[in-house]
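K.L.:
In my numbering, the protein residues as written are 6 to 234.
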């Protein structure tokens, strides 16, 4: 996805052209669509970093398009509406839009809104990326709940993955079973510390291909740690 691409969807051609004009001056690449029925096809073909989407469109309205995009993508969406009703604004945000602009609008404000939404999106992506830890032949991601081991994506139940991620993120630190119960299962979990042992056993069974530069160590009489060397 090109970070400068913006899809502009508005059946009022002069408004779409005005938006594109100001965005192009600011270094963005735009594509204009004037029909709701074509918006989704262009969205997938153009792969924009942001969508400016009018509410009232022929064929398929902006709310419907927003819902369809949100089923498959988190790309930022700014809704355009000719009405300043709170209901319209709230509805757009509830459908998954990131911001809204009421017509008529000041072009410079529109560009500023676009930049602000893109900045928020980039920070969100950075935060998600930071929820990934990587070691030799191992990648654990909490952003999409995946474990890749020796290039193979493994199936991990949520608690196993959370336990592995927590230990790996805090490498070389020793945690008691009670601390791990507290961190992974929560304060109100009423359970046996053997729950941790069972989960550790299952994790080790899945991560058993070779002599890595890391391992999950048992610290006798204490608990466990993710040890690196």
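Every residue gets a Cβ at the ideal spot worked out from N, C-alpha and C, and that includes glycine. Just so it is clear, the structure is predicted and the values come from calculations on it, not from any experiment.
#1: Quick check on the burial criterion: 16 or more other C-beta atoms within 10 angstroms. Buried or exposed for residue 79?
#2: Helix, strand or coil: how does DSSP classify residue 25 here?
#3: Within this structure, are the beta carbons of residue 231 and residue 176 separated by less than 7 Å?
#4: Throw me the rounded Cβ distance for the residue 83 and residue 118 pair, which I believe falls under 8 Å.
#5: Out of 45, 75, 60 and 143, state which residue places its alpha-carbon closest to the alpha-carbon of residue 216.
#6: Does the region 15-27 come close enough to the region 42-53 to have 3 or more Cβ pairs within less than 8 Å?
#7: Have a look at the DSSP bridge pairing and note the partners of residue 220.
#8: Under 7 Å, do residue 88 and residue 64 count as touching if we go by C-beta distance?
#9: Tell whether a beta-carbon distance below 7 Å holds between residue 138 and residue 102.
#10: May I have the straight-line CA-CA distance separating residue 81 from residue 31, to the nearest angstrom?
#11: Out of 114, 166, 141 and 156, state which residue places its alpha-carbon closest to the alpha-carbon of residue 150.
#12: My guess is that residue 60 and residue 85 are in contact by the Cβ rule of under 8 Å, so how many angstroms apart are they, rounded?
#13: Distance check for residue 40 and residue 116, CA to CA, integer angstroms please.
#14: Cutting at 7 Å between CB atoms, please list the residues of its own chain near residue 73, excluding the five before and the five after it.
#15: Just the C-alpha distance for residue 35 and residue 17, rounded to the nearest angstrom, thanks.
#16: To which residues of the same chain is residue 100 closer than 8 Å at the C-beta, ignoring the five residues directly before and after it?
#17: Could you have a look at residue 111 and say whether DSSP puts it in helix, strand or coil?
#18: Enumerate in chain order the residues of its own chain whose CB-to-CB distance from residue 194 is below 7 Å, with the five nearest sequence positions on each side excluded.
#19: According to DSSP, is residue 151 helix, strand or coil?
P.N.:
By the coordinates alone:
#1: Here residue 79 refers to the residue found at position 74 of the chain shown. Exposed, since its Cβ has fewer than 16 Cβ neighbours within 10 Å.
#2: Looking up residue 25 in the chain shown gives position 20. DSSP places residue 25 in helix when its eight states are reduced to three.
#3: Working through the chain shown from its first residue, we reach residue 231 at position 226. Working through the chain shown from its first residue, we reach residue 176 at position 171. Yes, they are a contact pair.
#4: Within the chain shown, the letter at position 78 stands for residue 83. Within the chain shown, the letter at position 113 stands for residue 118. Sure, about 6 Å apart at Cβ, within 8 Å.
#5: Within the chain shown, residue 216 is the residue found at index 211, counting from 1. Comparing Cα positions, the closest option is 143.
#6: no
#7: Position 215 of the chain shown, counted from the start, is the residue given in the question as residue 220. In the DSSP output, where bridge partners are listed per residue, residue 220 has 232.
#8: Against the chain shown, residue 88 aligns to sequence position 83. Against the chain shown, residue 64 aligns to sequence position 59. No. Outside cutoff.
#9: In the chain shown, the residue the question calls residue 138 occupies position 133. In the chain shown, the residue the question calls residue 102 occupies position 97. Judged by beta-carbon spacing, residue 102 lies beyond the 7 Å limit of residue 138, meaning their Cβ atoms are not closer than that value.
#10: Numbered from its first residue, the chain shown carries residue 81 at position 76. Numbered from its first residue, the chain shown carries residue 31 at position 26. Distance between the alpha carbons of residue 81 and residue 31: 18 Å.
#11: Position 145 of the chain shown, counted from the start, is the residue given in the question as residue 150. Of the listed residues, the one whose Cα sits closest to residue 150 is 166.
#12: Translated into the one-based positions of the chain shown, residue 60 becomes position 55. Translated into the one-based positions of the chain shown, residue 85 becomes position 80. Between residue 85 and residue 60 the Cβ distance is about 7 Å, and since that is below 8 Å, they are a contact.
#13: If you number the chain shown from 1, residue 116 lands on position 111. If you number the chain shown from 1, residue 40 lands on position 35. Taking the straight line joining both Cα atoms gives about 23 Å.
#14: By one-based count along the chain shown, residue 73 stands at place 68. Counting only Cβ-Cβ distances below 7 Å, and skipping sequence neighbours, we find 45.
#15: Along the chain shown, read from residue 1 onward, the residue named residue 35 stands at position 30. Along the chain shown, read from residue 1 onward, the residue named residue 17 stands at position 12. Cα to Cα, the separation comes out at about 16 Å.
#16: Numbered from 1 along the chain shown, position 95 holds the residue referred to as residue 100. 68, 71, 72 and 75.
#17: Looking up residue 111 in the chain shown gives position 106. If DSSP states are grouped into helix, strand and coil, residue 111 belongs with coil.
#18: In the chain shown, residue 194 corresponds to position 189, counting from 1. The pLDDT assigned to residue 194 is 49, lower than 50, so where the model puts this residue is not dependable, and the model offers no usable value.
#19: By one-based count along the chain shown, residue 151 stands at place 146. Residue 151 falls in the strand class under three-state DSSP.
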